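Residue numbers (the working numbering), protein chains in the order written: chain X, 1 to 241; chain H, 1001 to 1600. Just so it is clear, CB atoms sit at the ideal spot from N, CA and C, and this is done for glycine as well. As the structure is a computational prediction, the values presented were derived from the model and not from experiment. Worksheet for the structure shown next.
This is the structure we're talking about:
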């Protein structure tokens, strides 16, 4: 009997989890329907922040202050808080891929439902240099010959914050992407308020977090031209993997 | 925000490098650049820097720090006085939380005319239309320093005795204003307005849009100029509710320093007197509680502990100097602590980490090394849910099932989202079955194209049922569609299994057009290469239209072999017609016969 086919996103998650596991990261999962507290407030996103506007976020009907998670970052405070309650203090290392939602019309590069992967490392001595190493390790695992670079950016839940670009080099790169810089993910040092909100002392502990869409790396890796294929359940697409 | 290099140049004595160099400097040390067109950079200022960087002066300051070239002068660092004062316009602020500062200036005897060439050119370079010298002057100061202003024609305001009265208050339900854009805006009680208190009319939507009836026109000779400071949230909500975004509202909603208002009005008055003549009667300044100075401290050790760098005290001092920060560094303490006086416009700098970011970006993120994570003291846990999902995934794939993801949105369910674009399928699914059944039906239509005898798919996904969010495993195949809860593995597992990942190198786009199936059966002499010879004929004759071939029947009799093939024909460019498919088949029949074989 011929084998069936794994969805490219599942394949990427399997690959990423292997890389992270070897670096000491535990895979964790959490709810898709989430409180505004874990999705926004605990992450230092103020009540009046534009990201919380109705045109970006799905709000649940008749369930006050409840949303479909807009990113995987809701797991940051959820996980740390749960550990602290059990009396387990950092170091923490977790990775958490999953489906996230944006309230937007879909086109070739935008989907209302898509996949993200985020990771968090917190300890007494976790630095931005560790973050660079970890991102490089992940990207080299997924793309082989790849360079990354940081650019300044802004997110309410990290300080300093950076945008990370990737440049795929070498003969295996897609022709139209080879040696070009592509925006890949957002990253930064966890904002002290986020640690505080989880009950972790920011005077003693610090860490990094980075989050990336998975659809985009999959598109870059395999030369997929339309993000909607990922969620099409179309075997003309899936059976190529 | 559009930034003109010529305009930037006025802040410097030395010649600035070319726009691409400026664009790179900003990209790697401050802000993303959306585009560079000629001498105009489109700069995407991050939300945390809307306070200070939405102006040519703000970007000049960044360039100065990044490239280490001094500013000729910084209008925000020069002392400012709003003298002389006048009481000809009386300003009342009902709630200073919504309007922390209101400055004004009364100018008489000016002449409204077209702007001088230099002013017109500067505004046009950043995509602004020149209107007249007064309006242009207020716009110029906004794009130059970041302080929005608004000019009223005083003679169109209500006068009592020799004075005018302005009240800053929330709008009353039912109030309306015709804006300078000739549109009528209906106001609500959450919107902040400027009222002509003598006339009892709303004359401006605070910080967003002035009113047409009191606007400047060719006949204006006396004006009241306003430079105020507004509560960001109120401005943003009003701007959203009215669907009215202006350059002024964009700046106020990001919150700017009330200190800027005094600089803005002073500069605007000077420019107006210079290009429109007239005489300044005096200034008004309502500033109930002034902005408190703030200090933030950081040590050399803290900086390096966060960034993983080996920066020295000198490196950090140099960054602060380049940014124009005033600071002290206590040599005596072992921590080498810097204490920085935060510049009034830098409302973003509140905690030590903010200073670390300033240091990192000015030094350059390329200076952050890569360091392996320290060894984690214990082995990571294996997630029981993910382990179970991976195991189920591999089991099904081994049995010929392919994995799909379908939408979580459904036409019915227990829970729904309140604000879905278009309003379709607002419910969260209670089952995987419906989505899988629909996906199965769609794929069955492509069975021949896929070269599959039967379609078998599965999904591992979340459903919301019985008040719970849970993970289900669903399958769809000809025998039916079913699902069951995906239960976490009960075993104690120390490692994930080594499961295969996709080895595919490249995805090949497929045709979106319908396909046509044709069968062909033929007799040929027994020949071990018979099938490949037939395939070569099909490939040759059908060319790009041949999507798939499948040998579905064969037998041998009397030294001859019979083969039956199913051909799938499809175009990448259009829907193939029966006639076109028949024509392809005619070519194939002819080639088969020419090989001496017999079409059955």
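Item	Value
Please return the same chain residues whose Cβ sits closer than 7 Å to the Cβ of residue 1493/H, not counting the five positions on each side in sequence.	1382, 1387
Between 206/X, 64/X, 2/X, 230/X, which lies nearest to residue 1305/H when the distance is taken from Cα to Cα?	206/X
Check whether the Cβ of residue 1407/H sits closer than 7 Å to any heavy atom of the ligand COA, and report yes or no.	Inclusion of the ligand COA in the displayed structure is not the case, the ligand content being empty and no account of it being possible.
Contact defined as beta carbons within less than 8 Å: I believe residue 1416/H pairs with residue 1426/H. What is the distance between those atoms, to the nearest angstrom?	4 Å
Output yes or no for whether 8 Å exceeds the beta carbon distance between residue 96/X and residue 30/X.	yes
Can you give the Cα-Cα distance for residue 1513/H and residue 1413/H, rounded to whole angstroms?	34 Å
Ordered along the chain, which non-local residues of its own chain (more than five positions away) have a Cβ less than 7 Å from that of residue 1263/H?	1075, 1076, 1080, 1145, 1147
Within this structure, are the beta carbons of residue 1396/H and residue 1410/H separated by less than 8 Å?	no
Run through the segment 1418 to 1500 of chain H for me and flag every whole beta strand (DSSP E) of 3 or more residues, listed as ranges in chain order.	1457 to 1465, 1468 to 1477, 1480 to 1485
Checking 8 Å against the spacing of the C-beta atoms, do residue 90/X and residue 200/X come in under that value?	yes
For residue 116/X, name the three-state secondary structure that DSSP assigns.	strand
Would you mind telling me which residues of chain H sit closer than 7 Å to residue 31/X, beta carbon to beta carbon, in chain order?	1469
Does DSSP put residue 1193/H in a helix, a strand or coil?	strand
What number of angstroms, rounded off, separates the C-alpha of residue 1441/H from the C-alpha of residue 1046/H?	47 Å
Relative to the C-alpha of residue 1007/H, which candidate in 1044/H, 1055/H, 1315/H has its C-alpha closest?	1055/H
Between the Cα of residue 1276/H and the Cα atoms of 1544/H, 1109/H, 1160/H, 1239/H, which residue gives the shortest distance?	1109/H
I think residue 1403/H touches residue 238/X, with their Cβ atoms under 8 Å apart; what is that distance to the nearest whole Å?	7 Å
Can you find a CB in chain H that lies within less than 8 Å of the CB of residue 152/X?	yes
Mapping the DSSP letters down to three states, classify residue 1284/H as helix, strand or coil.	strand
Determine, for residue 1402/H, whether the minimum Cβ-Cβ distance to residues of chain X falls below 8 Å.	yes
Could you check where the beta strand (DSSP E) with residue 1523/H kicks off and where it finishes?	1516 to 1525
Rounded to whole angstroms, how far is the Cβ of residue 1311/H from the Cβ of residue 1362/H, which I believe are closer than 8 Å?	That belief does not hold up - the Cβ atoms of residue 1311/H and residue 1362/H are roughly 11 Å apart, past 8 Å.
Below 8 Å between beta carbons: does that hold for residue 1196/H and residue 1161/H?	no
Can you list, in chain order, the residues of its chain with a C-beta nearer than 8 Å to that of residue 66/X? Leave out the 5 residues immediately preceding and following it.	33, 34, 35, 36, 59, 60
Report the three-state DSSP secondary structure of residue 1557/H (helix, strand or coil).	strand
Here's the rule I'm using: 16 or more other beta-carbon atoms within 10 Å means buried, otherwise exposed. How should residue 1553/H be labelled?	exposed
Return the CA-CA distance between residue 167/X and residue 145/X, expressed in angstroms with no decimal places.	9 Å
To which residues of the same chain is residue 1360/H closer than 6 Å at the C-beta, ignoring the five residues directly before and after it?	1307
Between which two residues does the beta strand (DSSP E) harbouring residue 1003/H extend?	1002 to 1004
So, for residue 1487/H: in the same chain, excluding its five sequence neighbours on each side, which residues have a beta-carbon less than 7 Å away from its beta-carbon?	1388
Is it buried or exposed for residue 1023/H, if we count other Cβ within 10 angstroms and need 16 for buried?	buried
With a CB to CB cut of under 6 Å and the five nearest residues on each side skipped, what residues in its chain are close to residue 1477/H?	1456
State the beta-bridge partners of residue 1329/H as determined by DSSP.	1338/H
What ranges does the alpha helix (DSSP H) occupy inside the segment 1001 to 1055 of chain H, keeping only unbroken runs of at least 4 residues that lie completely in it?	1005 to 1009, 1019 to 1029
So if DSSP puts residue 1624/H in a beta bridge, which residue, or which two residues, is it bridged to?	Summary: the structure shown does not reach residue 1624/H, with chain H confined to residues 1001 through 1600, and so no result is reported for it.
Under the rule that 16 or more other beta-carbon atoms within 10 Å means buried, what is residue 213/X, buried or exposed?	buried
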